[in-house]
Amino acid sequence: MSNFKRDRHIMSQKREAGAAVVVTGAAGGIGGGIAKRLLADGWSVVATDIDSDKLAQFAAEVQDKRLITARLDVARSEDVRAVAASLQEREVSIAGLVNGAGLLQDVGPFMAMDETAQRRIWDVNYFGAVACTREFGALIIAGGGGSIVNITSINELRVLPLHAYGPTKVALGSLTTLTAGEFGAAGVRVNSIAPGFTLTPILRDKIAAGKRDVGAIEHATAMGRLVEIEEIASVASFLMSDDASAVSGSSIPVDAGWLATSYWMNFGDLLRSS
Ligand SMILES: NC(=O)c1ccc[n+]([C@@H]2O[C@H](COP(=O)([O-])OP(=O)(O)OC[C@H]3O[C@@H](n4cnc5c(N)ncnc54)[C@H](O)[C@@H]3O)[C@@H](O)[C@H]2O)c1
Numbered sequence: 001m002s003n004f005k006r007d008r009h010i011m012s013q014k015r016e017a018g019a020a021v022v023v024t025g026a027a028g029g030i031g032g033g034i035a036k037r038l039l040a041d042g043w044s045v046v047a048t049d050i051d052s053d054k055l056a057q058f059a060a061e062v063q064d065k066r067l068i069t070a071r072l073d074v075a076r077s078e079d080v081r082a083v084a085a086s087l088q089e090r091e092v093s094i095a096g097l098v099n100g101a102g103l104l105q106d107v108g109p110f111m112a113m114d115e116t117a118q119r120r121i122w123d124v125n126y127f128g129a130v131a132c133t134r135e136f137g138a139l140i141i142a143g144g145g146g147s148i149v150n151i152t153s154i155n156e157l158r159v160l161p162l163h164a165y166g167p168t169k170v171a172l173g174s175l176t177t178l179t180a181g182e183f184g185a186a187g188v189r190v191n192s193i194a195p196g197f198t199l200t201p202i203l204r205d206k207i208a209a210g211k212r213d214v215g216a217i218e219h220a221t222a223m224g225r226l227v228e229i230e231e232i233a234s235v236a237s238f239l240m241s242d243d244a245s246a247v248s249g250s251s252i253p254v255d256a257g258w259l260a261t262s263y264w265m266n267f268g269d270l271l272r273s274s
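Sequential numbering of the sequence shown, starting at 1, is according to the working numbering.
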């Protein structure tokens, strides 16, 4: 069979054969929403997170036999290798990976950045995705192909005053392009989803603590609103499906139009108010 035909049907064939998608940060808002959506789509899901209590709560809420959970600190390569080895031992076929684990950051002056905290953000947001791509990606390649989705941010595409977080997301976007180029011939597509301000529990907490200004965010988006978790999950579902069979190396913003209009206020919003 030519690569052309194989690549166009690979995800539905693997899903029907019971293959799984690994999701990191699956006990969190966006990761959890994506894991639930992939289960609803018919995938088996390996839900991983550093927080085993939240992961157990997630499993209790979901109650699905196709869900496997594993505690995983993505910043520890040895842990990532161990989870990958245990999946291999259990003969779980892996067709997809969602790199969703991430640490958010509060705004603060560059000179006041704590170096340890900054390095931890890099270890989780960037090197964690690198390790998972290497270990789980190897299983996807060995299985004949699949799809990898990196959760970046609008920070990937626009500089915001999040001094450690922002650069990690730019680097993750580069990793997407790089691995899409390298893995394409092995039947693996790699893409990023770049969420805008998304109503996850952690963002709700930051809003409640006065660390994010909802009115300003709503005003900055073309659609006048924030993003819901399900709206990120539906794009992940698409990228994990054969509907996206020729989509690779892309970054898809899901931001209610924030990238399109966030700077329009400089013009007095003449067009938007008319
Ligand atoms: N919420 C937003 O507005 C928003 C916007 C853009 C991008 N994102 C990105 O989406 C992803 C999820 O964000 P969220 O808002 O759902 O946050 P969240 O805190 O609810 O989810 C993140 C999850 O990652 C887990 N995690 C943290 N460190 C880990 C580690 N070392 N190993 C494994 N898991 C770890 C946490 O326990 C948590 O469950 C992040 O990558 C974030 O940068 C979020």
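Note that beta-carbon positions come from the ideal geometry of N, C-alpha and C, so glycine has one too.
A quick note: this is a predicted structure, and the numbers were derived from the prediction, not measured.
**Request:** Confirm, please, whether the CB-CB distance from Ile-50 to Leu-72 is below 8 Å.
**Result:** If you number the sequence shown from 1, residue 72 lands on position 72. If you number the sequence shown from 1, residue 50 lands on position 50. In this structure, Ile-50 lies closer than 8 Å to Leu-72 by Cβ.
**Request:** Counting only runs of 4+ residues fully inside the segment 165–230, write out the alpha helix (DSSP H) ranges in chain order.
**Result:** 165–183, 201–208, 214–220
**Request:** Report yes or no: do three or more beta-carbon pairs, one from the segment 52–60 and one from the segment 10–23, lie closer than 8 Å?
**Result:** no
**Asked** Exposed or buried, Tyr-263, counting other C-beta atoms within 10 Å across all chains shown (16 or more means buried)?
**Response** In the sequence shown, the residue the question calls residue 263 occupies position 263. Its Cβ having fewer than 16 others within 10 Å, Tyr-263 is exposed.
**Nearest-angstrom Cβ-Cβ length linking Thr-198 and Ile-34, presumed shorter than 8 Å** = Walking along the sequence shown from the start, residue 198 turns up at place 198. Walking along the sequence shown from the start, residue 34 turns up at place 34. With 8 Å as the limit, Thr-198 and Ile-34 do not qualify as a contact, their Cβ atoms being about 12 Å apart.
**Request:** Kindly identify the DSSP beta-bridge partner or partners of Asn-99.
**Result:** Within the sequence shown, the letter at position 99 stands for residue 99. Asn-150.
**Item:** Contiguous alpha helix (DSSP H) assignments of at least 4 residues, all confined to the segment 47–110
**Value:** 52–62, 77–89
**Message:** If distances are taken between C-alpha atoms only, which option among Asp-123, Val-188, Pro-195, Ser-12 comes closest to Glu-156?
**Reply:** Along the sequence shown, read from residue 1 onward, the residue named residue 156 stands at position 156. Among Asp-123, Val-188, Pro-195, Ser-12, the Cα nearest to that of Glu-156 is on Pro-195.
**Request:** Return helix, strand or coil for Ser-234, following the three-state DSSP convention.
**Result:** The residue given as residue 234 occupies position 234 in the sequence shown. Helix.
**Prompt:** Leaving out five residues before and five after Ala-260 in sequence, what residues of the same chain have Cβ atoms less than 7 Å from its Cβ?
**Reply:** The residue you call residue 260 lines up with position 260 of the sequence shown. Here the set comprises Ala-222.
**Asked** Checking contacts by CB at 8 Å: is Glu-182 closer than that to chain B?
**Response** Given the protein chain composition of this structure (a single chain), no chain B is represented.
**Request:** Name the residue from Ala-138, Arg-81, Lys-169, Gly-166 whose alpha carbon lies nearest to the alpha carbon of Phe-183.
**Result:** One-based indexing of the sequence shown puts residue 183 at position 183. Among Ala-138, Arg-81, Lys-169, Gly-166, the Cα nearest to that of Phe-183 is on Ala-138.
**Request:** Please indicate yes or no: does the CB of Phe-127 lie closer than 7 Å to some heavy atom of ligand 1?
**Result:** Your numbering for residue 127 matches position 127 in the sequence shown. For ligand 1, not one heavy atom lies less than 7 Å from the Cβ of Phe-127.
**Request:** Give the straight-line distance between the Cα atoms of Gly-224 and Leu-38, rounded to the nearest whole angstrom.
**Result:** Position 224 of the sequence shown, counted from the start, is the residue given in the question as residue 224. Position 38 of the sequence shown, counted from the start, is the residue given in the question as residue 38. Answer to the nearest angstrom: the Cα atoms are 28 Å apart.
**Asked** Are Ser-174 and Ile-252 touching if we call contact CB-CB under 8 Å?
**Response** On the sequence shown, position 174 is the one that residue 174 refers to. On the sequence shown, position 252 is the one that residue 252 refers to. No; because the gap between Cβ atoms is not below 8 Å, this pair is not in contact.
**Asked** Which residue comes first and which comes last in the alpha helix (DSSP H) that contains Ala-35?
**Response** The residue given as residue 35 occupies position 35 in the sequence shown. Taken as a continuous stretch (DSSP letters only), the alpha helix (DSSP H) holding Ala-35 covers 29–41.
**Item:** Within 8 Å, strictly: CB atoms of Asp-242 and Arg-8
**Value:** Position 242 of the sequence shown, counting from 1, holds the residue named residue 242. Position 8 of the sequence shown, counting from 1, holds the residue named residue 8. Yes, they are a contact pair.
**Prompt:** Pairing CB atoms from the segment 91–98 with CB atoms from the segment 145–156, are three or more of them under 8 Å?
**Reply:** yes
**Ile-140 - partner residues in DSSP beta bridges** = Within the sequence shown, numbered from 1, the residue matching residue 140 stands at position 140. None, per the DSSP bridge assignment.
**Contact test: Leu-97 Cβ vs ligand 1 heavy atom, cutoff 7 Å** = Stepping through the sequence shown from its first residue, residue 97 is reached at position 97. Incorrect: Leu-97 has no Cβ contact closer than 7 Å to ligand 1.
**Three-state class that DSSP yields for Ala-20 in the structure shown** = Position 20 of the sequence shown holds residue 20. Three-state result, Ala-20: strand.
**Message:** For Val-80 and Glu-135, which I take to be in contact (beta-carbon distance under 8 Å), what is that distance rounded to the nearest angstrom?
**Reply:** As a working mapping, residue 80 is identified with position 80 in the sequence shown. As a working mapping, residue 135 is identified with position 135 in the sequence shown. Val-80 to Glu-135, Cβ: 5 Å. Contact.
**Message:** Can you determine whether any heavy atom of ligand 1 sits closer than 7 Å to the C-beta of Thr-198, and answer yes or no?
**Reply:** Sequence index remark: in the sequence shown, residue 198 carries index 198 (1-based). Checking every heavy atom of ligand 1 against the Cβ of Thr-198, one is found closer than 7 Å.
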